[in-house]
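A.B. asks: Quick one: the structure is below, questions incoming.
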Ligand code: IMP
Ligand code: ZN
């Protein structure tokens, strides 16, 4: 089932010539920053919503507020989400989570996300390699370990060279829960399952980052890669950014508002920056493409990888994000084919699962 794109990425893609689009399609691209529940193709989400509503409306034992939440949430995603600011973005997830709370629904969502990125459309896949990330959730029908096993079963239907899993910790998690998630990740990795890293995500205003030190140390010692959403908004305190950098991550999500001290560490340690252009524009953490921090990192020849973040609310695609690199300003950054090729190569070089 097709995922349609709109907005910045679509405008950039539509402005390219057929040969430029083919150049981008042929390029082996790594998708290293895609959240499972934010990447469900809309037709699949609608199917899950339809089934959910049919079951819940006829079952008075279920939570009466949930069907309304789901209906409103799916309608909003269908219309296209317009965000005033980033914190409104996190309000979209309770409706989506209601639809991926059973092992079967989660399996179908994971199957569709992997298919979107890795199956060929127009002869080419969106990504040559996908590191999918997700936050293990406990629901009435699954514990967190089962959640991860369900997703891994789908990830491992693809060869190792194509797909792997990153376990996300949400900033709101208690220390006990985040440690439990890390322990599951290590247990699964030791058992030969394809877990390659740990992520820190969630509302940048939430949580106490002191409480994650031991979790990242334990994960690193077990050989897992570390990626952290960092300095995503202007309000993220500089001290918190330095603290997160002290956990020695390999990659950073967004890294939009780094001060000079943080930039120095990032350069010295060559931490790869996961760049999500549409996400930043739509969440209004970056005013225009021209102001985007990608220019700074490109200017400093610093490793980056271009990614989608959440194709469901942002209605983008990996191809569309690459189109943003190549389209002429103001629709894109106007980079040349060799420059775009170099970025794609850098992205492949930043994989955890190499
Ligand atoms: P999940 O981890 O598969 O459930 O994917 C959705 C979750 O990813 C959301 O609930 C957020 O916690 C997280 N997420 C998605 N996009 C972002 C982002 O741009 N910043 C921080 N967290 C995010
Ligand atoms: Zn993200």
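Numbering (the working numbering), first residue to last: 57 to 410.
For every residue, glycine included, the Cβ atom is placed at its ideal position computed from N, Cα and C.
1) Inspect the beta-carbon positions of residue 372 and residue 113 and report whether they are closer than 8 Å.
2) Just to confirm the assignment: which complete beta strand (DSSP E) runs, minimum length 3, are found wholly within the segment 83–141?
3) At 4 residues or longer, and completely inside the segment 147–206: list those alpha helix (DSSP H) runs for me, N to C.
4) Which stretch, first to last residue, makes up the beta strand (DSSP E) that contains residue 281?
5) Residue 240 and residue 200 look like a contact to me (Cβ under 8 Å); what is the Cβ gap, rounded to whole Å?
6) Would you call the segment 289–296 and the segment 144–155 in contact, with 3 or more CB pairs under 8 Å?
7) Would you say residue 256 and residue 227 are within 8 Å of each other, going by their C-beta atoms?
8) Mind checking whether the beta-carbon of residue 176 lies closer than 7 Å to any heavy atom of the ligand ZN?
9) According to DSSP, simplified to helix, strand and coil, what is residue 237?
10) If you draw a straight line from the C-alpha of residue 193 to the C-alpha of residue 74, how long is it?
11) Distance check for residue 280 and residue 246, CA to CA, integer angstroms please.
12) Under the DSSP definition of a beta bridge, which residues are partnered with residue 330?
13) Can you tell me which residues form a DSSP beta bridge with residue 221?
14) Helix, strand or coil for residue 266? Go by DSSP, reduced to three states.
15) Where do the N-terminal and C-terminal ends of the alpha helix (DSSP H) with residue 351 fall, by residue?
16) Pull up the CB-CB distance for residue 337 and residue 305, whole angstroms please, since I reckon it's below 8 Å.
17) Considering only the alpha carbon of each residue, which of 197, 251, 244 and 154 lies closest to residue 188?
18) Which two residues bound the contiguous alpha helix (DSSP H) that contains residue 71?
19) Express the C-alpha separation of residue 111 and residue 360 in angstroms, rounding to a whole number.
20) Leaving out the 5 sequence neighbours to the left and right, which residues in its chain are closer than 8 Å to residue 170 when beta-carbon positions are compared?
21) Pick helix, strand or coil for residue 298, following the three-state DSSP scheme.
22) Say yes only if the C-beta of residue 285 is nearer than 7 Å to one or more non-hydrogen atoms of the ligand ZN, and no if none qualify.
23) Per DSSP, which residues does residue 256 bridge with? Please list them.
24) From what residue to what residue does the alpha helix (DSSP H) around residue 398 run?
25) Under three-state DSSP, which class holds residue 273?
C.D. replies: According to the structure shown:
1) no
2) 86–91
3) 149–155 and 159–174
4) 281–286
5) 6 Å
6) no
7) yes
8) no
9) helix
10) 43 Å
11) 11 Å
12) 309 and 361
13) 188 and 251
14) helix
15) 350–355
16) About 24 Å; that fails the 8 Å criterion.
17) 251
18) 64–71
19) 45 Å
20) 186, 188, 210, 211, 213, 214 and 219
21) helix
22) yes
23) 225 and 284
24) 393–405
25) helix
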